[in-house]
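Participant: Under our numbering, the first residue of the sequence shown carries the number 356, and numbering increases by one thereafter. We put the beta carbon where it would ideally sit given N, CA and C, even for glycine.
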Amino acid sequence: MAEMATEIALCGVAAVCDLTGALYLPDLDTLVVSDLHLEKGAAFARRGQLLPPYDTQATLRLLDAVVTRYHPKTVISLGDNFHDRVGSALMPLPFREMILAIARGRDLIWINGNHDPDGTTGLPGICADEIALSGLTFRHEPSLAHGKGEVAGHLHPSATVRRREKSVRRPCFATDGNRLIMPSFGVTTGGLDLRHKAFTGLFARTDLIAHLLGRDRIYSVRFGNLLG
């Protein structure tokens, strides 16, 4: 656990940032992931742009592995679960069966995102625009007006540090202890640098820490020590 994860607190709630990009809340027995963007390759193919068709299987295998590690009672997926509105309806049966296996014996909550605002089709669990648990609010897009205890996705935060005489950019959990923005969990999604203007006003930068997903461990770096 020491190498694969790091423990933090969010508004007094214990949380574990996992190297996969998942967040585990032990007191709630809840695992949180964000921005799976399932069926992204299929969505691009429908528009005439071909991508390798392995993204859904790879993302679901990663999700299955982290669910197996923590055995949570609840799994929350923070929106952009699918890359477009029809992704869940058109998803092939083998992938649907993978989700059924992941959901077996636990609650699955799909938060609606900007890519998939209509929720899922024919999958286990419930869909919601946001959900509140024990003082935390889980939503897709971060809110400037309601940030305390917020766990959000959408922005795919990443950060850049200097390591061994070269700069390294990695996805990260971004938190000031008041709000947390999750890295993207999908295997074919990019990242937005934490210094981008889209993050303006979301954090108290003096308290902001980026928990970067390294190759074999998480590196926790204060915002002021990140490369611009």
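CB-CB under 8 Å to Ser498, same chain, minus the five flanking residues each way: which ones, in chain order?
Facilitator: Excluding sequence neighbours, Ser498 sits near Glu505, Ala507.
Participant: Do Val371 and Ala360 have their beta-carbon atoms positioned less than 8 Å apart in this structure?
Facilitator: In this structure, Val371 lies closer than 8 Å to Ala360 by Cβ.
Participant: In whole angstroms, give me the CA-to-CA distance for Trp465 and Leu383.
Facilitator: So the two alpha carbons sit approximately 17 Å from each other.
Participant: Taking the beta strand (DSSP E) that Tyr379 falls in, what are its first and last residues?
Facilitator: Per DSSP, Tyr379 belongs to the beta strand (DSSP E) from 378 to 380.
Participant: Given Phe578, which residues of its chain have a CB within under 6 Å of its CB, disregarding the five upstream and five downstream residues?
Facilitator: Arg560, Leu563, listed in sequence order.
Participant: Ordered along the chain, which non-local residues of its own chain (more than five positions away) have a Cβ less than 6 Å from that of Gly546?
Facilitator: Closer than 6 Å at the Cβ level, and outside the excluded window around Gly546, lie His511, Ser513, Pro526.
Participant: Is it true that the CB of Arg550 sits closer than 8 Å to the CB of Gly583?
Facilitator: Closer than 8 Å, so yes.
Participant: Rounding to the nearest angstrom, what Cα-Cα distance links Val421 and Thr530 in this structure?
Facilitator: Between Val421 and Thr530, the C-alpha separation is close to 21 Å.
Participant: If you count every other CB in all the chains shown that lies within 10 Å of the CB of Met356, and 16 or more means buried, which is it?
Facilitator: Residue placement at Met356 is flagged as unreliable, the pLDDT there being 44, under the threshold of 50; a coordinate-derived value is accordingly withheld.
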